[in-house]
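Trainee: Please find one structure pasted underneath; my questions will follow.
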Amino acid sequence: MEAPRGPLPYGGRTVKNAAAPAPTPTTRALTWSLHLLIIGLLALAGGRAVADDRPHTGMVVAAAAACGLVYAAGPLLPRVGRSRRAAACWLAAVGAVWLVLLALSPDGAWVAFPLYFLQLHLLPRRAALPAVAATAAAAVAGFAAHQHSFGLAMAIGPALGAAVAIAVVWGYQALYRESEQRRRLIEELTATRADLAQAQHTAGVLAERERLAHEIHDTLAQGLSSIQLLLRAVERALPDRPDTAARHAEAARQAAVDNLAEARRFV
Numbered sequence: 017m018e019a020p021r022g023p024l025p026y027g028g029r030t031v032k033n034a035a036a037p038a039p040t041p042t043t044r045a046l047t048w049s050l051h052l053l054i055i056g057l058l059a060l061a062g063g064r065a066v067a068d069d070r071p072h073t074g075m076v077v078a079a080a081a082a083c084g085l086v087y088a089a090g091p092l093l094p095r096v097g098r099s100r101r102a103a104a105c106w107l108a109a110v111g112a113v114w115l116v117l118l119a120l121s122p123d124g125a126w127v128a129f130p131l132y133f134l135q136l137h138l139l140p141r142r143a144a145l146p147a148v149a150a151t152a153a154a155a156v157a158g159f160a161a162h163q164h165s166f167g168l169a170m171a172i173g174p175a176l177g178a179a180v181a182i183a184v185v186w187g188y189q190a191l192y193r194e195s196e197q198r199r200r201l202i203e204e205l206t207a208t209r210a211d212l213a214q215a216q217h218t219a220g221v222l223a224e225r226e227r228l229a230h231e232i233h234d235t236l237a238q239g240l241s242s243i244q245l246l247l248r249a250v251e252r253a254l255p256d257r258p259d260t261a262a263r264h265a266e267a268a269r270q271a272a273v274d275n276l277a278e279a280r281r282f283v
């Protein structure tokens, strides 16, 4: 299964299913650094061909310019930033033009290093590793062909560059996954804390309502009991003691008024 990847290094966009957030200033700086590295290496290849008056100078300059144009088209094409298939096609086009440059100039081998990063970022891991290996092999073979000889030192540079690129990219992806896990954990903890606070608030409201309900019940029950006793006293006082009955009736009425006022106060 392909691991989640970080922001991809071109155009400030991310390939579909890359699960990456919006580019940060750091990722934008890395993106522009990669752009400048590729442009600088292509300019170096063309400039050295002109300065040294090498054979096929015009073709070398044209191949370097074509490689730069094809590379620059990637960040400008929306599909390249949204589909891994489109990104792979774009990488294949860049690689094809680079092979032409490599066939014309040994300085084209230097461009292999930034290509490693592009391949490792834009391709699934099962395709990225063979692509990096093929790029390194092409760089070694191209440089050896121009030198008309092969030595172990020629293979060390591209191989070491590929190993460094793999370590850097995989290390970055591991750090990115860890950062994303930490971010999701913080979001979950924040959401849980908010839910807990809401639950505590709801529990407090329910407890307060229950307390008020008990107080209202106790107040009304006590008042109604008093009214009931007073009304019984009225019954016993009638008809022989109307004055006493009237006092008890007034007391019952006042008890009802007081209980009503108390109930309204609670509400």
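The working numbering puts the first residue of the sequence shown at 17, with every later residue one more than the last.
Each residue gets a CB set at the ideal place from its N, CA and C atoms; glycine is no exception.
Given the structure is predicted, the values throughout are model-derived calculations rather than measurements.
Distance check for Leu228 and His217, CA to CA, integer angstroms please.
Mentor: The residue labelled residue 217 in the question sits at position 201 within the sequence shown. The residue labelled residue 228 in the question sits at position 212 within the sequence shown. C-alpha separation (whole angstroms): 16 angstroms.
Trainee: Which of the three DSSP states is assigned to Arg227 in this structure?
Mentor: Taking the first residue of the sequence shown as position 1, residue 227 is located at position 211. Of the three classes helix, strand and coil, the one that applies to Arg227 here is helix, per DSSP.
Trainee: Are at least three pairs of beta-carbons, each pair with one atom in the segment 193-202 and one in the segment 160-175, less than 8 angstroms apart?
Mentor: no
Trainee: Would Ala152 pass as a contact of Val113 if the rule is Cβ separation under 9 angstroms?
Mentor: Reading the sequence shown from its first residue, position 136 is the one you call residue 152. Reading the sequence shown from its first residue, position 97 is the one you call residue 113. No, Cβ-Cβ distance for Ala152 and Val113 is not below 9 angstroms.
Trainee: Alpha carbon to alpha carbon, what distance is there between Pro122 and Gln163?
Mentor: Locating residue 163 in the sequence shown gives position 147, where the first residue counts as 1. Locating residue 122 in the sequence shown gives position 106, where the first residue counts as 1. Between Gln163 and Pro122, the C-alpha separation is close to 8 angstroms.
Trainee: If you run the structure through DSSP and keep just helix, strand and coil, what is His162?
Mentor: As a working mapping, residue 162 is identified with position 146 in the sequence shown. Three-state DSSP puts His162 in a helix.
Trainee: Of the choices Val86, Ala59, Leu85, whose alpha-carbon is the least far from that of Thr73?
Mentor: Position 57 of the sequence shown, counted from the start, is the residue given in the question as residue 73. Looking only at Val86, Ala59, Leu85, the smallest Cα-Cα distance to Thr73 is reached by Ala59.
Trainee: Which stretch, first to last residue, makes up the alpha helix (DSSP H) that contains Arg100?
Mentor: Position 84 of the sequence shown, counted from the start, is the residue given in the question as residue 100. Segment 100-120, the alpha helix (DSSP H) holding Arg100.
Trainee: Are there 16 or more other CB atoms within 10 angstroms of the CB of Ala161, so buried, or fewer, so exposed?
Mentor: Here residue 161 refers to the residue found at position 145 of the sequence shown. With fewer than 16 Cβ atoms within 10 Å of its Cβ, Ala161 is classed as exposed.
Trainee: For Thr208, does the count of other Cβ atoms within 10 angstroms reach 16, so buried, or fall short, so exposed?
Mentor: By one-based count along the sequence shown, residue 208 stands at place 192. Exposed.
Trainee: Output the distance between the C-alpha atoms of Ile182 and Phe133, rounded to the nearest integer angstrom.
Mentor: The residue you call residue 182 lines up with position 166 of the sequence shown. The residue you call residue 133 lines up with position 117 of the sequence shown. Computed Cα separation, rounded: 8 angstroms.
Trainee: What are the start and end residues of each continuous alpha helix (DSSP H) run of 4 or more residues lying completely inside the segment 163-202, in chain order?
Mentor: List check, alpha helix (DSSP H) in window: nothing returned.
Trainee: Can you tell me the Cα-Cα spacing of Gly187 and Leu139, whole angstroms?
Mentor: On the sequence shown, position 171 is the one that residue 187 refers to. On the sequence shown, position 123 is the one that residue 139 refers to. Taking the straight line joining both Cα atoms gives about 16 angstroms.
Trainee: Just to confirm before moving on: does the CB-CB distance between Ala65 and Leu120 stay below 9 angstroms?
Mentor: Against the sequence shown, residue 65 aligns to sequence position 49. Against the sequence shown, residue 120 aligns to sequence position 104. For Ala65 and Leu120, yes; Cβs fall inside 9 angstroms.
Trainee: Determine the burial state of Trp126: buried for a count of at least 16 other Cβ atoms within 10 Å of its Cβ, exposed for fewer.
Mentor: As a first step, residue 126 is located in the sequence shown; it is residue number 110 there, counting from the start. Using a 10 angstroms sphere on the CB of Trp126, the tally of other CB atoms reaches 16 or more, which defines it as buried.
Trainee: Could you check where the alpha helix (DSSP H) with Pro91 kicks off and where it finishes?
Mentor: For the purposes of this step, residue 91 is taken as the residue at position 75 of the sequence shown. Unbroken alpha helix (DSSP H) run through Pro91: 73-92.
Trainee: Exposed or buried, Pro71, counting other C-beta atoms within 10 Å across all chains shown (16 or more means buried)?
Mentor: Locating residue 71 in the sequence shown gives position 55, counting from the first residue. Answer is exposed; the Cβ neighbour count stays below 16.
Trainee: Span of the alpha helix (DSSP H) holding Gly124?
Mentor: Indexing the sequence shown from 1 puts residue 124 at position 108. Gly124 -> no alpha helix (DSSP H), and no H or E assigned at all.
Trainee: Taking the C-alpha atoms as reference points, what is the distance between Ala179 and Arg44?
Mentor: Locating residue 179 in the sequence shown gives position 163, counting from the first residue. Locating residue 44 in the sequence shown gives position 28, counting from the first residue. Each residue's Cα considered, the two are about 24 angstroms apart.
Trainee: Using only CA atoms, which one of Gln214, Leu57, Arg101 lies nearest to Gly84?
Mentor: Start at 1 with the first residue of the sequence shown, and residue 84 comes out as number 68. Nearest C-alpha to Gly84: Leu57.
Trainee: Which residue comes first and which comes last in the alpha helix (DSSP H) that contains Pro41?
Mentor: Start at 1 with the first residue of the sequence shown, and residue 41 comes out as number 25. First-last of the alpha helix (DSSP H) with Pro41: 41-67.
Trainee: Whose C-alpha, out of Val185, Val116, Phe159, is nearest the C-alpha of Val148?
Mentor: The residue you call residue 148 lines up with position 132 of the sequence shown. Among Val185, Val116, Phe159, the Cα nearest to that of Val148 is on Val185.
Trainee: Between which residues of its own chain and Ala82 is the CB-CB distance below 7 angstroms, once the five residues before and five after are set aside?
Mentor: Taking the sequence shown and counting its residues from 1, one reaches residue 82 at position 66. Sequence-distant Cβ neighbours of Ala82 in its own chain, meaning closer than 7 angstroms and more than five residues away, are Val113.
Trainee: Can you give me the C-alpha to C-alpha distance between Ala213 and Thr206, rounded to a whole angstrom?
Mentor: For this step, residue 213 is matched to residue 197 along the sequence shown. For this step, residue 206 is matched to residue 190 along the sequence shown. Whole-angstrom Cα-Cα distance: 11 angstroms.
Trainee: Taking C-alpha atoms, which residue in Asp234, His233, Ala265 lies nearest to Arg248?
Mentor: One-based indexing of the sequence shown puts residue 248 at position 232. Of the candidates Asp234, His233, Ala265, the one whose C-alpha sits nearest the C-alpha of Arg248 is Ala265.
Trainee: Tell whether a beta-carbon distance below 9 angstroms holds between Val96 and Ala88.
Mentor: As a first step, residue 96 is located in the sequence shown; it is residue number 80 there, counting from the start. As a first step, residue 88 is located in the sequence shown; it is residue number 72 there, counting from the start. No, they are not a contact pair.
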